[in-house]
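A short write-up of the structure that comes next.
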Amino acid sequence: MGWASLAGTAKAFWVRPREAWEEIRDQETDAAELFTGVVFPAAAVPAIAHLLGFWYHGFFSTIFKAILWYALAVVAVWVVGKTLVLLAPQFDAVPDETKAFRLAAYSFLPYFSAGIFYLLPFLSIVTLFGGLYGMVVLYHGIPVLMNIPDEKSIPYALTGGTVMLIAVVLIGCLTGGLIWPGKP
500 MGWASLAGTA KAFWVRPREA WEEIRDQETD AAELFTGVVF PAAAVPAIAH LLGFWYHGFF
560 STIFKAILWY ALAVVAVWVV GKTLVLLAPQ FDAVPDETKA FRLAAYSFLP YFSAGIFYLL
620 PFLSIVTLFG GLYGMVVLYH GIPVLMNIPD EKSIPYALTG GTVMLIAVVL IGCLTGGLIW
680 PGKP
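One point on numbering: in the numbering used here, the residue at position 140 of the sequence shown is 639, and numbering is uninterrupted.
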């Protein structure tokens with residue numbers, strides 16, 4: 500997936516998440532393609548913005564935090580995807596790893612795109628709202644991708660969304676962009 504296509508997909512999830520999931524549903528990608536085509540490039544945007552926005556705190560410290568942010572973001576997508584697979588039987592969903600990783604990867608797109616606010620450190624808290632909106636995107640994607648009964652869709656989304664929110668807050672805390680916006 501190229502940058503223009505990725506940006507268009509991210510925009511679609513911000514503007515019309517339900518329709519975006521319908522377009523993604525029949526996509527033929529495995530987890531490796533999903534990570535190399537979506538997660539790795541999308542997670543690079545906030546990492547680079549973090550590097551550019553916080554550079555005045557010290558070159559090596561900023562590079563370390565940008566690399567840490569990137570690594571934690573990729574791991575967070577993997578953890579949420581695995582959690583969705585492991586929890587699927589509890590909610591009468593089909594435990595399909597490819598679909599669960601697709602759900603996790605695309606649900607993180609609002610968080611990754613909101614990471615552009617790291618360019619202005621005093622606005623870095625806005626990335627948290629991108630993560631919260633990612634939970635809404637996750638909620639819209641669960642019935643489309645996981646073939647789950649309607650009555651179990653909300654609890655499944657809340658459980659997966661909670662893991663996602665913990666990951667987002669943890670990334671912000673560990674990289675300093677959430678607790679001390681604008682501080683090293």
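C-beta atoms are modelled at their ideal positions from N, C-alpha and C, and glycine is treated no differently.
Check whether residue i and residue j have beta carbons under 8 Å apart
i           : j           : result
residue 618 : residue 548 : yes
residue 614 : residue 544 : yes
residue 620 : residue 557 : no
residue 554 : residue 561 : yes
residue 602 : residue 637 : yes
residue 517 : residue 639 : yes
residue 591 : residue 648 : yes
residue 582 : residue 659 : yes
residue 530 : residue 600 : yes
residue 655 : residue 585 : no
residue 575 : residue 546 : no
residue 533 : residue 604 : yes
residue 665 : residue 652 : no
residue 508 : residue 519 : yes
residue 573 : residue 610 : no
For residue j and residue i, believed in contact at Cβ under 8 Å, the rounded distance
i           : j           : result
residue 631 : residue 671 : The pair is not a contact, with the Cβ atoms about 12 Å apart (cut-off 8 Å).
residue 593 : residue 645 : 7 Å
residue 540 : residue 577 : In fact, because the Cβ distance is near 16 Å, the residues do not count as touching under 8 Å.
residue 616 : residue 606 : That belief does not hold up - the Cβ atoms of residue 616 and residue 606 are roughly 19 Å apart, past 8 Å.
Unbroken alpha helix (DSSP H) run spanning residue i, endpoints
i           : result
residue 527 : From DSSP, residue 527 is part of no alpha helix (DSSP H); its letter is neither H nor E.
residue 566 : 558-586
residue 514 : 502-514
residue 611 : 608-613
Where residue i falls: helix, strand or coil (DSSP)
i           : result
residue 592 : coil
residue 645 : coil
residue 619 : coil
residue 539 : helix
residue 653 : helix
residue 600 : helix
residue 670 : helix
residue 665 : helix
residue 547 : helix
residue 628 : helix
residue 552 : helix
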